Amino acid sequence: METLNIPEDQPIEAGLVSKAIESAQTKIEGFNFDARKHVLEYDDVMNQHRSLIYKKRQEILSGVSRDEVLELIKNQNIENAEELYNQKEKEMGAELMRQIEKFVMLNTLDTLWMNHLEDMEYLRDSVRLRAYGQRDPLVEYKNESQRLFKDLLFNFEAQVATIISKVQPQQNAVNQNIENSKLKIENSQSDRIGRNDPCPCGSGKKYKKCHGK
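Residues in the sequence shown are numbered consecutively from 70, following our numbering.
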């Protein structure tokens with residue numbers, strides 16, 4: 070512009086320059102279109118996962134039957150699964166058992182889903198590098214995401230089965246705490262109570278023949 074002494078506000082009308090600018094704009098618009106298209110296709114994959122998880126969550130909230138939970142546990146090849154399950158239900162009662170199952174399933178599903186979101190975000194960033202290896206990032210993303218989602222469902226069933234199989238009746242835990250507290254009290258008192266003194270439990274017996282045995 071300075072060499073040819075052309076004013077800054079004067080438009081450049083050279084055909085070669087105009088065609089070059091038009092060609093660059095067309096390429097950039099094409100790149101942006103492809104980028105937006107890929108973003109939508111990536112989002113479609115996540116939306117499918119999200120819909121399935123929300124559907125499963127709603128089913129749990131609506132109430133999962135006893136038979137469904139028992140079948141889930143039996144599928145994990147836990148030894149004496151049905152016998153252990155029936156015993157727990159008998160000890161805790163059917164109503165409490167259903168509440169525990171719902172809590173465990175919802176908590177497990179929510180935790181795994183949050184982890185899945187992080188894994189999918191990492192996957193989305195990493196597949197872009199595979200284009201350098203002549204592989205389609207979107208195809209790679211779809212294949213890997215399917216594997217991750219299958220892992221999520223597998224881990225959900227495995228973790229739910231393990232947790233429910235190990236859950237203990239709350240009353241047993243309370244009773245154990247009470248017994249532990251009694252033991253601590255008795256141990257602390259045994260240093261101050263003589264063996265021939267009356268037992269502090271109020272039985273009327275000597276300490277050595279009651280709680281001091």
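Yeah, the Cβ is synthetic: ideal placement off N, Cα and C, and Gly gets one too. Here the structure is a predicted model, which means the values were calculated and not measured.
### Task
Compare the C-alpha of residue 234 against each of 88, 74, 174 and name the closest.
The option with the nearest alpha carbon to residue 234 is 174.
Going by C-alpha distance, which of 223, 279, 265, 236 is nearest residue 145? The shortest Cα separation from residue 145 among 223, 279, 265, 236 belongs to 223.
message: Please report the straight-line C-alpha distance between residue 228 and residue 159, rounded to a whole angstrom.
response: Near 22 Å, if we compare the C-alpha coordinates of residue 159 and residue 228.
Between which two residues does the alpha helix (DSSP H) harbouring residue 136 extend?
-> Element bounds for residue 136: 135 to 143.
Taking the straight line between their C-alpha atoms, what separation do you get for residue 178 and residue 113? Roughly 21 Å between the two C-alpha positions.
Less than 6 Å between C-beta atoms, sequence neighbours within five positions excluded: which residues of the same chain meet that for residue 122? Counting only Cβ-Cβ distances below 6 Å, and skipping sequence neighbours, we find 182.
Worksheet item: Cα separation between residue 267 and residue 166?
Response: Each residue's Cα considered, the two are about 45 Å apart.
Counting pairs of beta carbons, one from the stretch 209 to 216 and one from the stretch 191 to 199, are three or more of them closer than 8 Å?
The stretch 209 to 216 is in contact with the stretch 191 to 199.
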